[in-house]
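Notes follow once the structure below has been shown.
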Amino acid sequence: MAAIIDGKKISQEIKDELKGKVSALREKGIEVTLAVIQVGNDPASSVYVGNKKKACEYIGIRSLAYELSEETTQEELLKLVEELNNREDVNGILVQLPLPAHIQEEYIIKAITPIKDVDGFHPFNVGALSIGQKGFVSCTPAGVIELLKRSGISINGKECVIVGRSNIVGKPMGLLLLRENGTVTICHSKTKDLKEVTKRADILVVALGKPKFITKEFIKEGAVLVDVGIHRGEDNKLCGDVDFDDVIDKVSAITPVPGGVGPMTIAMLMHNCVESVRM
Ligand code: NDP
């Protein structure tokens, strides 16, 4: 029987631990504060921003919401980021992506001071991760590591394969698994004979953005399968990049969608907000 890795339960544990830390900080007179900027009103972004606000409320983090119009210029956004960089009462800054097409995300990400970059997207933090130094780590891959550790799954010496090499998931995932002494392979759309590579994995992390793409032919008997993908089907149900029903009898443990990696992303964002006080 495959173990179902319960991201909902583990993320709740993390949020409860953070609640304690935030209240201890408050007793010392420190109010953990996150500024969340949303430009435009993309419905998916509004849902994500709403969930982040709710998590902040639960933990006791003060959140400042900046809801800017779709017409906001890059200069105006840069000005706001600069203002928040300079505010001593703001610990973390999050700009909800994607931004409208007329704003270059790269410039905005670079404008956030690395010590308030709770998303871990700034090149400084990405570089720190790659050379094993302290910094903010991208929340989704950090959440995957936490899920594995808290489920008692050892990474040390394991053959780890990642499908997907995006800057926010695949690449930092590779660096984190390497940091935990995994033997890491990262696959992408140009990988030859993907199945042959994924079948080597003791731990397979899938983040390629194609619903139910990974079937049992891609995996080794007894592998641990982490599904980062999120898709809403025509039936309005959520599914991942893995065909859950097809692989379930072959894996030793698996993250479901929903209720696997998804809730961990917000929990790790909250973790980064609390860490930002120390930064
Ligand atoms: P991207 O689209 O940025 O990257 C997808 C990656 O998959 C690329 O590196 C691409 O390769 C690779 N890829 C695509 N098709 C194939 C294929 N047929 N074979 C091998 N590799 C392939 O996606 P993200 O990393 O942003 O997201 C991945 C998934 O994770 C999405 O479903 C997204 O919704 C979900 N997600 C979930 C989060 C959560 O909180 N749970 C957070 C972030 C993302 P190449 O580089 O060559 O194009």
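Heads up, the sequence shown is in our numbering, so the first residue is 130 and it goes up one at a time. Ideal placement from N, C-alpha and C gives every residue a C-beta, glycine not left out.
Just to check my reading of the structure: residue i and residue j have Cβ atoms closer than 8 Å, yes? What is that Cβ distance to the nearest angstrom?
i: I343; j: D370; result: 6 Å
i: A330; j: K349; result: 6 Å
i: A336; j: V298; result: 4 Å
i: K287; j: G249; result: Going by Cβ atoms, the distance from K287 to G249 rounds to 24 Å, so no, they are not a contact pair.
i: V355; j: V273; result: 5 Å
i: L197; j: V151; result: Contact doesn't hold; Cβ gap of about 27 Å is too wide.
i: K345; j: C368; result: Actually they do not touch by this definition, with Cβ atoms about 16 Å apart.
i: H400; j: I143; result: 6 Å
i: I395; j: A184; result: 5 Å
i: L304; j: L333; result: With 8 Å as the limit, L304 and L333 do not qualify as a contact, their Cβ atoms being about 17 Å apart.
i: V376; j: L154; result: Actually they are not in contact, since the Cβ atoms of V376 and L154 sit about 42 Å apart, beyond 8 Å.
i: C268; j: M397; result: 4 Å
i: T327; j: V290; result: 5 Å
i: V390; j: L226; result: Contact doesn't hold; Cβ gap of about 18 Å is too wide.
i: V87; j: V353; result: For the chain, the structure presents residues 130 to 408; residue 87 sits outside this window and is missing.
i: K324; j: F347; result: 5 Å
i: M393; j: I139; result: 7 Å
i: E234; j: L228; result: 5 Å
i: G358; j: G338; result: 6 Å
i: I188; j: K148; result: 5 Å
i: G293; j: H317; result: 7 Å
Spell out the partners DSSP gives residue i in its beta bridges.
i: D378; result: The partner list for D378 (beta bridge, DSSP) is empty, contrary to what the question assumes.
i: D246; result: I222
i: T162; result: R191
i: R361; result: L367
i: R343; result: Looking at the sequence shown, residue 343 is not Arg but Ile. Note: I343 sits in a beta bridge opposite V371.
i: L350; result: Looking at the sequence shown, residue 350 is not Leu but Glu. DSSP output for E350 lists no bridge partner at all.
i: I133; result: I383
i: V168; result: L197
Can you tell me where the alpha helix (DSSP H) holding residue i begins and where it ends?
i: A240; result: E234 to A240
i: I143; result: G136 to E156
i: V326; result: L323 to T327
i: L398; result: V390 to R407
i: V210; result: Q203 to N215
i: L306; result: G299 to R308
Note the first and the last residue of the continuous beta strand (DSSP E) segment covering residue i.
i: T312; result: T312 to C316
i: L258; result: Counting along the chain, L258 falls outside any beta strand (DSSP E), though it belongs to the alpha helix (DSSP H) covering P252 to S259.
i: E288; result: E288 to V292
i: L354; result: V353 to D356
i: V273; result: Premise fails: V273 lies in the alpha helix (DSSP H), C268 to R279, not in any beta strand (DSSP E).
i: L333; result: I332 to V335
Would residue i count as contacting chain D if we go by Cβ distances under 9 Å?
i: K208; result: Absent here is chain D; the protein component of the structure consists of one chain.
Pull every residue with its beta-carbon under 7 Å away from any heavy atom of the ligand NDP, and keep them in chain order. T269, V292, G293, R294, S295, I297, V298, G299, C316, H317, S318, K319, T320, L323, A336, L337, G338, K339, F342, V357, G358, I359, H360, D370, V390, G391 and T394
Contact the region 174–191 vs the region 202–210: 3+ CB pairs below 8 Å: Not touching, per the Cβ criterion.
Okay, do the region 240–248 and the region 370–386 touch, 3+ Cβ pairs below 8 Å being the bar? no
Count Cβ pairs between the region 219–236 and the region 158–171 that sit closer than 8 Å; are there 3 or more? yes
Touching by the beta-carbon criterion (3+ pairs, under 8 Å), the region 260–269 and the region 278–285: no
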